[in-house]
Amino acid sequence: MQVLAQGRGELIQPPDLEAFREWNRTQKSRRLVDKVMSEHDAVSRFVSDGCYIGTELYGTVRCPMSLTREVIRQRKKDLRVLGQGVLELDLWIGAGLVKKIDLTYVGFEVFGTSSAFRRAVESGQIETCVEWSNGAITWRIKAAAMGVPFIATRAMLGSDTFEYSAAKIVTDPFTGMRVCLLPALILDVALIHVHRTDRFGNAQIDGITGFAFEMARASKRVIVSAEEIIPTAEIRRFPERTIIPYYLVDAVVHAPFGSHPGEMAYCYDRDDVVYREWIAASQTAEGAQAYLDKYIYNIPDHRAYLDLIGEARLNELVARRERRNA
Amino acid sequence: MPDQPYSKSELMICIAARLFQDGTTAFIGTGIPMLAAMLAIKTRAPSVVPIFEFGGTGAIFEKLPNMVGGARTFHQAIAASGICDIMETAQRGFIDYGFIGGAQIDPYGNLNSTTIGDHDRPRARLPGSGGGNDVGSLCWKTVAIMQHDKRRFVPQVDFITTPGYLTGPGARERAGLPRDSGPVNVVSTLALMDFDPTTRRMRLLATHPGVTVDEVVANTGFELLLADKVGVNEPPSAEELRLLREEIDPEKLYR
Numbered sequence: 010m011q012v013l014a015q016g017r018g019e020l021i022q023p024p025d026l027e028a029f030r031e032w033n034r035t036q037k038s039r040r041l042v043d044k045v046m047s048e049h050d051a052v053s054r055f056v057s058d059g060c061y062i063g064t065e066l067y068g069t070v071r072c073p074m075s076l077t078r079e080v081i082r083q084r085k086k087d088l089r090v091l092g093q094g095v096l097e098l099d100l101w102i103g104a105g106l107v108k109k110i111d112l113t114y115v116g117f118e119v120f121g122t123s124s125a126f127r128r129a130v131e132s133g134q135i136e137t138c139v140e141w142s143n144g145a146i147t148w149r150i151k152a153a154a155m156g157v158p159f160i161a162t163r164a165m166l167g168s169d170t171f172e173y174s175a176a177k178i179v180t181d182p183f184t185g186m187r188v189c190l191l192p193a194l195i196l197d198v199a200l201i202h203v204h205r206t207d208r209f210g211n212a213q214i215d216g217i218t219g220f221a222f223e224m225a226r227a228s229k230r231v232i233v234s235a236e237e238i239i240p241t242a243e244i245r246r247f248p249e250r251t252i253i254p255y256y257l258v259d260a261v262v263h264a265p266f267g268s269h270p271g272e273m274a275y276c277y278d279r280d281d282v283v284y285r286e287w288i289a290a291s292q293t294a295e296g297a298q299a300y301l302d303k304y305i306y307n308i309p310d311h312r313a314y315l316d317l318i319g320e321a322r323l324n325e326l327v328a329r330r331e332r333r334n335a
Numbered sequence: 008m009p010d011q012p013y014s015k016s017e018l019m020i021c022i023a024a025r026l027f028q029d030g031t032t033a034f035i036g037t038g039i040p041m042l043a044a045m046l047a048i049k050t051r052a053p054s055v056v057p058i059f060e061f062g063g064t065g066a067i068f069e070k071l072p073n074m075v076g077g078a079r080t081f082h083q084a085i086a087a088s089g090i091c092d093i094m095e096t097a098q099r100g101f102i103d104y105g106f107i108g109g110a111q112i113d114p115y116g117n118l119n120s121t122t123i124g125d126h127d128r129p130r131a132r133l134p135g136s137g138g139g140n141d142v143g144s145l146c147w148k149t150v151a152i153m154q155h156d157k158r159r160f161v162p163q164v165d166f167i168t169t170p171g172y173l174t175g176p177g178a179r180e181r182a183g184l185p186r187d188s189g190p191v192n193v194v195s196t197l198a199l200m201d202f203d204p205t206t207r208r209m210r211l212l213a214t215h216p217g218v219t220v221d222e223v224v225a226n227t228g229f230e231l232l233l234a235d236k237v238g239v240n241e242p243p244s245a246e247e248l249r250l251l252r253e254e255i256d257p258e259k260l261y262r
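In structure tokens:
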């Protein structure tokens, strides 16, 4: 297979498929072990300085925000990240924790571009941004989930997104077509927020599944946070709802309102007040620091965070949620 | 347009909404495309199937989707899947239209949403591709919706985040992109454009009401081709404006 072109971006996390198989054989228990622990213990055990980390879905939607805040509280540094981020990644960037990004998107959708991200890139605090499309970054973890070294796509071709990626363009040996090859991406650790799980980590998600299915299977460590912890008997009643089976999971954290200020489908709406407070505060480094102090550094844990937001506010978000038809 | 009873954004949304073809699938990017899709479905294209990148297919819009992964993108939908399913659906040729925005566009419809200036030492760092590159690569027809000024309509984008016709006729195919795909329209705050089938360069089709051809040309940083007969777009109807203001965007996020 002839390589016709290759992106100039760094392959931040080169995949080692044999090592991944060996890891999955030796480091992941097949036993039903109770994995419920605090967000402090989960993050201190499984997130290390310099690790390659990803979050799912994204900052304002079903996002593991309580775990995101705990990573900041514990000042994990030199993170290399899968950069599909809205608020969660922005907080890490604002806290100065991020060194390298496989980037697809960092911004606030309708609320515009990220000041913290701009500062960090323009100042060189973030050492490298390797560009990918949303499809491409997800197919990379899909390849890892498949246990193969790469996956082919017809996206990325002809663009500078390819030119600044770590992908390669080849002639397909079967059809003779030009295709873009995306290297598998095996994460060190994934943080995923779900609607419910049992104590072992059998996890269910309502609504769209984003890239939770793929990311859970592409990661060496998986921390699941959940709105609700339910009995395994409930999981077994509806096995088709299990998106993430327990053996992929290393820690289970009970986190009601764990996606706040993001939304959780059918549970609670996005909290635009706290969301926009960050967007406004992060216009300056000092403002960002003040926000991080208020909502993270000066708060011991997620429970205290919810106290700070207040029950009235949380109830309002519940009342505003999207509902299924009766 | 100082004396018009509608804003530039409202006008742009209405013109974009009229491009939706009933009975087609449409990939909806974040922001203005969401308003255009909702208006289209409530007016002339009720059976458009809106598709959102993180898994929402065929939602019924009661409230304006405000995030591409939000619950409103799969409200009473026909399917709630994930990003692989959606991007693969586009890659198989099932998504007819893609509606997206961008910070810069060039005469060939290439879009930039990554960096202004050099990539590694940018003057401005923008969000990145998101699903933009996938939409512009894999949907059959792409429509870009943008503000119209010389800083945005440039001879050459600083970074091709999302491929248009690249360097001209045949370039997409030579790059390996799917045959017969590419940008078909650009809707701006001033006008509606398409792409000349021979040169693949952007062409002025119709100005918005109250806007002259000279004004459009003066606000475009490259030589804009002119259609044989440049038309004038119909202004928003009272019903379009009512829907936009009362049902689609009562919070005035986009006014």
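If you're matching them up, the sequences are chains E and U in order.
Residue 15 in my numbering sits at position 6 of the first sequence, and the numbers go up by one each step.
Residue 118 in my numbering sits at position 111 of the second sequence, and the numbers go up by one each step.
Cβ atoms here follow ideal geometry from the backbone N, Cα and C, with glycine treated the same way.
Every value quoted in this text rests on a predicted model; they were computed, and no experiment measured them.
Partners in chain E for isoleucine 90 (chain U), counting only beta-carbon separations shorter than 8 angstroms: Here residue 90 (chain U) refers to the residue found at position 83 when the second sequence is read from its first residue. In chain order: Asn143, Gly144, Thr147, Gly219, Phe220.
Check whether histidine 204 (chain E) and glutamate 243 (chain E) have beta carbons under 8 angstroms apart: For the purposes of this step, residue 204 (chain E) is identified with residue 195 of the first sequence, where counting begins at 1. For the purposes of this step, residue 243 (chain E) is identified with residue 234 of the first sequence, where counting begins at 1. No, Cβ-Cβ distance for histidine 204 (chain E) and glutamate 243 (chain E) is not below 8 angstroms.
Rounded separation between histidine 49 (chain E) and threonine 121 (chain U) - CA only: Looking up residue 49 (chain E) in the first sequence gives position 40. Looking up residue 121 (chain U) in the second sequence gives position 114. Histidine 49 (chain E) and threonine 121 (chain U): Cα-Cα distance of roughly 35 angstroms.
Segment contact flag, the stretch 148-155 of chain U with the stretch 101-121 of chain U, C-beta cutoff 8 angstroms, min 3 pairs: yes
Bounding residues of the beta strand (DSSP E) (the contiguous stretch that carries histidine 202 (chain E)): What you label residue 202 (chain E) is simply residue 193 of the first sequence in a count that begins at 1. Its beta strand (DSSP E) spans residues 196-206.
Beta carbon proximity, phenylalanine 266 (chain E) to chain U, threshold 8 angstroms: Locating residue 266 (chain E) in the first sequence gives position 257, counting from the first residue. With 8 angstroms as the cut-off, phenylalanine 266 (chain E) does not count as an interface residue toward chain U.
Within chain U, the residues that lysine 151 (chain E) reaches when beta carbons sit closer than 9 angstroms: Indexing the first sequence from 1 puts residue 151 (chain E) at position 142. Result: Cys91.
Alpha-carbon to alpha-carbon, arginine 40 (chain E) and threonine 122 (chain E): Here residue 122 (chain E) refers to the residue found at position 113 when the first sequence is read from its first residue. Here residue 40 (chain E) refers to the residue found at position 31 when the first sequence is read from its first residue. The straight-line gap from Cα to Cα measures roughly 45 angstroms.
Short CB-CB distance (under 8 angstroms) between alanine 52 (chain U) and chain E: Locating residue 52 (chain U) in the second sequence gives position 45, where the first residue counts as 1. Contact with chain E is absent for alanine 52 (chain U), since none of that chain's Cβ atoms lies less than 8 angstroms from the residue's Cβ.
Interface positions of the stretch 16-42 of chain E facing chain U (Cβ-Cβ less than 8 angstroms), listed along the chain: none
Residue closest to glutamine 83 (chain E), alpha-carbon to alpha-carbon, out of E:Arg89, E:Arg54, E:Arg322, E:Ile239: Start at 1 with the first residue of the first sequence, and residue 83 (chain E) comes out as number 74. Per the Cα distances, E:Arg54.
Residue-chain proximity (arginine 163 (chain E), chain U), Cβ-Cβ < 8 angstroms: Locating residue 163 (chain E) in the first sequence gives position 154, where the first residue counts as 1. Interface residue, yes.
Per-residue contacts from arginine 79 (chain U) into chain E (C-beta, under 8 angstroms): By 1-based counting over the second sequence, the position of residue 79 (chain U) is 72. Those are Glu331, listed as they occur along chain E.
Proline 257 (chain U): contacting residues in chain E (beta-carbon distance under 8 angstroms): Within the second sequence, numbered from 1, the residue matching residue 257 (chain U) stands at position 250. None at all; the shortest Cβ gap to chain E is about 14 angstroms.
Residue from E:Asp280, E:Lys86, E:Gly92 whose Cα sits closest to the Cα of glutamate 65 (chain E): Here the question's residue 65 (chain E) lines up with position 56 in the first sequence. Here the closest residue by C-alpha is E:Gly92.
Residues of the stretch 99-122 of chain E whose Cβ lies closer than 8 angstroms to any Cβ of chain U, in chain order: Leu112, Thr113, Tyr114, Val115, Gly116, Glu118, Val119, Thr122
Alanine 161 (chain E) beta carbon less than 8 angstroms from that of alanine 227 (chain E): Indexing the first sequence from 1 puts residue 227 (chain E) at position 218. Indexing the first sequence from 1 puts residue 161 (chain E) at position 152. No, they are not a contact pair.
8 angstroms Cβ cutoff, serine 228 (chain E) in contact with chain U: For the purposes of this step, residue 228 (chain E) is taken as the residue at position 219 of the first sequence. Closer than 8 angstroms: no.
beta-carbon arginine 82 (chain E) near the ligand MN non-hydrogen atom, thresh 7 angstroms: This structure does not include the ligand MN; it has no bound ligands of any sort.
Ranges of the alpha helix (DSSP H) found wholly within the stretch 10-71 of chain E, counting only runs of at least 4: 26-35, 48-55
Close Cβ partners of glutamine 412 (chain E) (< 7 angstroms) along its chain, the five nearest in sequence each way excluded: In the structure as shown, chain E begins at 10 and stops at 335. Residue 412 (chain E) is therefore absent and cannot be evaluated.
Anticipated Cβ contact below 8 angstroms, glycine 143 (chain U) with proline 170 (chain U), distance rounded: Walking along the second sequence from the start, residue 143 (chain U) turns up at place 136. Walking along the second sequence from the start, residue 170 (chain U) turns up at place 163. The pair is a contact, with the Cβ atoms about 5 angstroms apart (cut-off 8 angstroms).
Selected residue, minimal CA-CA separation from alanine 212 (chain E), among E:Leu112, E:Ile232, E:Ala193: Counting from one through the first sequence, the residue named residue 212 (chain E) turns up at place 203. Nearest C-alpha to alanine 212 (chain E): E:Ile232.
Closest by C-alpha distance to glutamate 253 (chain U), when choosing among U:Ala182, U:Glu69, U:Thr196: Position 246 of the second sequence holds residue 253 (chain U). For glutamate 253 (chain U), the nearest C-alpha among the options comes from U:Glu69.
Chain U within 8 angstroms of isoleucine 195 (chain E), Cβ atoms only: Position 186 of the first sequence holds residue 195 (chain E). The Cβ of isoleucine 195 (chain E) sits no closer than 8 angstroms to any Cβ of chain U.
Contact check, lysine 229 (chain E) vs valine 198 (chain E), beta carbons under 8 angstroms: Stepping through the first sequence from its first residue, residue 229 (chain E) is reached at position 220. Stepping through the first sequence from its first residue, residue 198 (chain E) is reached at position 189. In this structure, valine 198 (chain E) lies closer than 8 angstroms to lysine 229 (chain E) by Cβ.
Test: aspartate 141 (chain U) CB closer than 8 angstroms to a CB of chain E: The residue given as residue 141 (chain U) occupies position 134 in the second sequence. Aspartate 141 (chain U) counts as touching chain E.
Partner residues on chain E for valine 75 (chain U), Cβ-Cβ distance less than 8 angstroms: Within the second sequence, numbered from 1, the residue matching residue 75 (chain U) stands at position 68. In chain order: Glu118.
Inter-residue spacing [alpha-carbon to alpha-carbon] between glycine 62 (chain U) and alanine 14 (chain E): Within the second sequence, numbered from 1, the residue matching residue 62 (chain U) stands at position 55. Within the first sequence, numbered from 1, the residue matching residue 14 (chain E) stands at position 5. Roughly 32 angstroms separates the two Cα atoms.
Extent of the continuous beta strand (DSSP E) to which threonine 219 (chain U) belongs: Here residue 219 (chain U) is taken as the residue at index 212 of the second sequence, counted from 1. Membership of threonine 219 (chain U) in any beta strand (DSSP E) is not indicated, and neither H nor E is assigned to it by DSSP.
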